[in-house]
Amino acid sequence: PPAPNVDAVCELAGMGDTVWLSAALKALPPETAGETFRDRDLATPLHRACSSGHMHAAEAIIGRLGREVIYVRDVYGRTPLHCAIYYHRLELVSYLLHLGADTKVKDGLGLSCYRLIKRLGRADTEFLLSRLEPGVLEASLVLHFLECAFELGLTELCRRLCELVDPVESPFYRPPLHQAAEIGDELDVISDLDVILDGVIDTSCHRRDTRDANGHLAFHYACQHGHGEIAGLLYFSDMDNADFCRGVRLALTWRRYQTVQMLTALRPEFTLDQATLSTVVKELDTHLSRMGRFVLPVLRQSPILLARFVPQAAAINDTNILSLLLNLQVPMNGYDLMRRTALHEACQKGHEKACRFLLQHGAEPAVRDWRGA
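The sequence shown begins at 416 in the numbering used here and counts up one residue at a time.
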C-alpha cells in the first residue's frame, strides 16, 4: 500500500486516534525523518498532537520519527513545546521538558517557552512542579521553579532544587539564598531556611557572600523585608562595614525598625558611613517617639549626635526615650549653641513628667539660655 501523506498523519495526530496513527507511522518509509516530514504550515505531526493534547499520540510520533522532532519549528516559529503551552496542555509540557525541549528558541511573536512558562498562573505552576523531575531541567528553569517553590511553601522541593542549582549568571533570577531571604516569614522560613539550606549553605552554590546582579547580599534582602532572624542566619563575621551599613540603611528606609535593633545586637560596634548616618538622623528627627528605642543604639559610637535627641525627647514628654539615652551614657544637662537645655524644652511645653525625670537625673535648673531665661 502507498505510504500515507503528511496531511493524513497530521490529521490523525490532531484527532488522537492512536490505533490508526500507529499504523500510519509504521507504513512510513524507513528514511522518513521528523525534520522533513511536515505539512504546508511546516508543522510536524507532533505539533498537531501537542496542540490537541494527545499524549499517547505524541509518544508514538517521537518513538517513530525520533527525539529530534521536538526541536522542529513550524511556519510561525513554534516548536511542539510552544504549541503545548499555548493550548494549555500541561501534561505534554512536562513530557517535552523531560525530553530536553529547547526553552530559549523564540517563535514568530518573539516569545520563548521559558517566558511562556514564567507567565503561567499559580495553579498551573503547582501542577508542573508536581509532575517534573527537577534533575532533567536546565539551570534557568531550576531557578524559576525554585522561586515558585519558595513562594508556595514547598519546603521539600525547595531543598531538592537547591541541591541542583549551579552557580549561574542570570539577569532574571536571584540566587536561592536571596529568594529565601525575601520570602521570609511568609514561609515560616526561620525554621525552613535551616531545613532547606542545611548542608548546602556556604557551599559553592549557596554562599552567604554571593551577590545578585545589583551587588546585594542575601543579608540585604532580609534587612529590606524586615526578616531580622533570617538576617542573623545570613550574617557572616567577615562582612565588611559598607555591606553591614547598607543592611542598616535598607532596614531604616523600609521602616523595619525592629530589624535595625537586631542588627545592632549582631554587631554592637560598627562605623556608620555618611549615607547611613544621614538616614538614621533623618528617621530619628521624624519618628523619634515611634522608633527611637529601636534605632538610637545605632548611634552609641556618636555621643554628640545622641545628645541632640535629649531636648527632642523632652519636648514630646517621652521619658522612655530619655531613659534609653541615659542608659547610653548621654548626660541630661547638655545645651545647644543657644544654651537651651532639655529642661528648657520640657518647661516651655509644660511637660511635668519630663521635667521631673530631667531634674532627677542631673539637669541643671540654674542654666540660662541666650535670652537669660
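A virtual CB, placed ideally from N, CA and C, is assigned to each residue, including glycine.
- [ ] Could you pull the start and end residues of the alpha helix (DSSP H) that Ala666 belongs to?
- [x] As a first step, residue 666 is located in the sequence shown; it is residue number 251 there, counting from the start. Here the alpha helix (DSSP H) through Ala666 covers Asn656 to Thr668.
Task: Whole-number beta carbon distance between Leu687 and Cys660, since they are thought to touch under 8 Å - done: As a working mapping, residue 660 is identified with position 245 in the sequence shown. As a working mapping, residue 687 is identified with position 272 in the sequence shown. Yes, Cys660 and Leu687 are in contact; Cβ-Cβ is about 6 Å, under 8 Å.
Task: Local conformation of Gly777 per DSSP, three classes - done: By one-based count along the sequence shown, residue 777 stands at place 362. DSSP places Gly777 in coil when its eight states are reduced to three.
Open item on the list: Within the continuous alpha helix (DSSP H) that includes Ser693, where are the two ends?
Closed with: Reading the sequence shown from its first residue, position 278 is the one you call residue 693. Where Ser693 is concerned, the enclosing alpha helix (DSSP H) stretches over Gln689 to Val710.
Task: CB contact flag (Gly643, Met677, <8 Å) - done: Position 228 of the sequence shown, counted from the start, is the residue given in the question as residue 643. Position 262 of the sequence shown, counted from the start, is the residue given in the question as residue 677. Cβ atoms of Gly643 and Met677: closer than 8 Å.
Task: Per-residue burial, Arg453 [other beta carbons within 10 Å of its own, 16 or more giving buried] - done: For the purposes of this step, residue 453 is identified with residue 38 of the sequence shown, where counting begins at 1. With 16 or more other Cβ atoms within 10 Å, it is buried.
Open item on the list: Between the region 461-473 and the region 514-529, can you find at least three pairs of beta-carbon atoms closer than 8 Å?
Closed with: no
Task: Per DSSP, cross-strand counterpart(s) of Ser466 - done: What you label residue 466 is simply residue 51 of the sequence shown in a count that begins at 1. Paired residue(s): none; Ser466 is not in a bridge.
Open item on the list: If you measure between the beta carbons of Thr674 and Cys638, is that distance less than 8 Å?
Closed with: The sequence position of residue 674 within the sequence shown is 259, counting from 1. The sequence position of residue 638 within the sequence shown is 223, counting from 1. For Thr674 and Cys638, yes; Cβs fall inside 8 Å.
Task: Pick from Glu506, Gly449, Leu512 and Arg715 that is closest to Asn742, judged by C-alpha positions - done: Taking the first residue of the sequence shown as position 1, residue 742 is located at position 327. Out of Glu506, Gly449, Leu512 and Arg715, Arg715 has the C-alpha closest to the C-alpha of Asn742.
Task: Distance, Arg574 Cα to Arg534 Cα - done: Position 119 of the sequence shown, counted from the start, is the residue given in the question as residue 534. Position 159 of the sequence shown, counted from the start, is the residue given in the question as residue 574. So the two alpha carbons sit approximately 24 Å from each other.
Open item on the list: Let me check one thing: in DSSP terms, what residues is Ser527 bridge-paired to?
Closed with: Locating residue 527 in the sequence shown gives position 112, counting from the first residue. Bridge partners of Ser527: Lys521.
Task: Opposing strand residues paired with Leu632 [DSSP bridges] - done: On the sequence shown, position 217 is the one that residue 632 refers to. Arg626, per the DSSP bridge assignment.
Task: Buried or exposed by the 16-neighbour rule on C-beta atoms within 10 Å, applied to Leu572 - done: By one-based count along the sequence shown, residue 572 stands at place 157. Classification of Leu572: buried, given that the 10 Å Cβ count is 16 or more.
Task: Asn629, buried or exposed, once every other Cβ within 10 Å from all chains shown has been counted against 16 - done: Residue 629 sits at position 214 when you count from the first residue of the sequence shown. Label assigned to Asn629: exposed.
- [ ] Taking 8 Å as the cut-off, decide whether the C-beta atoms of Ala778 and Leu758 are in contact.
- [x] In the sequence shown, residue 778 corresponds to position 363, counting from 1. In the sequence shown, residue 758 corresponds to position 343, counting from 1. For Ala778 and Leu758, yes; Cβs fall inside 8 Å.
Task: Boundaries of the alpha helix (DSSP H) in which Gln676 is found, first to last residue - done: The residue labelled residue 676 in the question sits at position 261 within the sequence shown. Start and end: Tyr672 to Leu681.
TODO: Express the C-alpha separation of Asp627 and Glu684 in angstroms, rounding to a whole number.
DONE: Position 269 of the sequence shown holds residue 684. Position 212 of the sequence shown holds residue 627. One C-alpha to the other measures close to 27 Å.
Open item on the list: Let's see if you can read the secondary structure: which residues bound the alpha helix (DSSP H) around Asp422?
Closed with: For this step, residue 422 is matched to residue 7 along the sequence shown. Segment Val421 to Met430, the alpha helix (DSSP H) holding Asp422.
TODO: Report yes if the C-beta distance between Phe709 and Tyr650 is below 8 Å; otherwise report no.
DONE: On the sequence shown, position 294 is the one that residue 709 refers to. On the sequence shown, position 235 is the one that residue 650 refers to. Not a contact, by the Cβ cut-off of 8 Å.
Task: Exposure of Asp653, with buried meaning 16 or more beta-carbon neighbours within 10 Å - done: Position 238 of the sequence shown holds residue 653. Exposed, by the Cβ-count rule.
- [ ] Please confirm if the region 426-443 is in contact with the region 476-489, defined as three or more CB-CB distances below 8 Å between the two stretches.
- [x] yes
TODO: Under 6 Å Cβ to Cβ from Pro726, same chain only, skipping five residues before and after it: list those, please.
DONE: Working through the sequence shown from its first residue, we reach residue 726 at position 311. Hits under 6 Å: Ala757 and Glu760.
TODO: Could you spell out where the alpha helix (DSSP H) holding Asn742 opens and where it closes?
DONE: Translated into positions along the sequence shown, residue 742 becomes position 327. Looking at the DSSP string, the run of the alpha helix (DSSP H) that includes Asn742 is Thr734 to Asn742.
- [ ] Could you have a look at Thr686 and say whether DSSP puts it in helix, strand or coil?
- [x] Reading the sequence shown from its first residue, position 271 is the one you call residue 686. Residue state, collapsed to three classes: coil.
Task: Residue range of the alpha helix (DSSP H) that includes Ile500 - done: Stepping through the sequence shown from its first residue, residue 500 is reached at position 85. Counting along the chain, the alpha helix (DSSP H) containing Ile500 begins and ends at Pro495 to Tyr501.
Open item on the list: DSSP three-state label for Ile731, please.
Closed with: The residue you call residue 731 lines up with position 316 of the sequence shown. Three-state result, Ile731: coil.
TODO: Could you check if Leu524 is buried or exposed, using at least 16 other CB atoms within 10 Å of its CB as the buried criterion?
DONE: Here residue 524 refers to the residue found at position 109 of the sequence shown. Leu524 should be labelled exposed.
Open item on the list: Output needed for Ser386: all residues of its chain with C-beta closer than 7 Å, excluding positions within five of it in sequence on either side, in chain order.
Closed with: A query on residue 386 cannot be resolved here, the shown segment of the chain reaching from 416 to 788 and no further.
TODO: Just the C-alpha distance for Ile485 and Ser545, rounded to the nearest angstrom, thanks.
DONE: Here the question's residue 485 lines up with position 70 in the sequence shown. Here the question's residue 545 lines up with position 130 in the sequence shown. So the alpha carbons of these two residues sit roughly 23 Å apart.
Task: Contacting residues, own chain, Cβ-Cβ under 8 Å from Pro780 (five flanking each side not counted) - done: The residue given as residue 780 occupies position 365 in the sequence shown. Around Pro780: Leu758 and Leu774.
Open item on the list: Helix, strand or coil for Val434? Go by DSSP, reduced to three states.
Closed with: Position 19 of the sequence shown, counted from the start, is the residue given in the question as residue 434. Helix, per DSSP.
- [ ] Classify Ala448 as buried or exposed, calling it buried when 16 or more other Cβ atoms lie within 10 Å of its own Cβ.
- [x] The residue you call residue 448 lines up with position 33 of the sequence shown. Per the 10 Å Cβ criterion, exposed.
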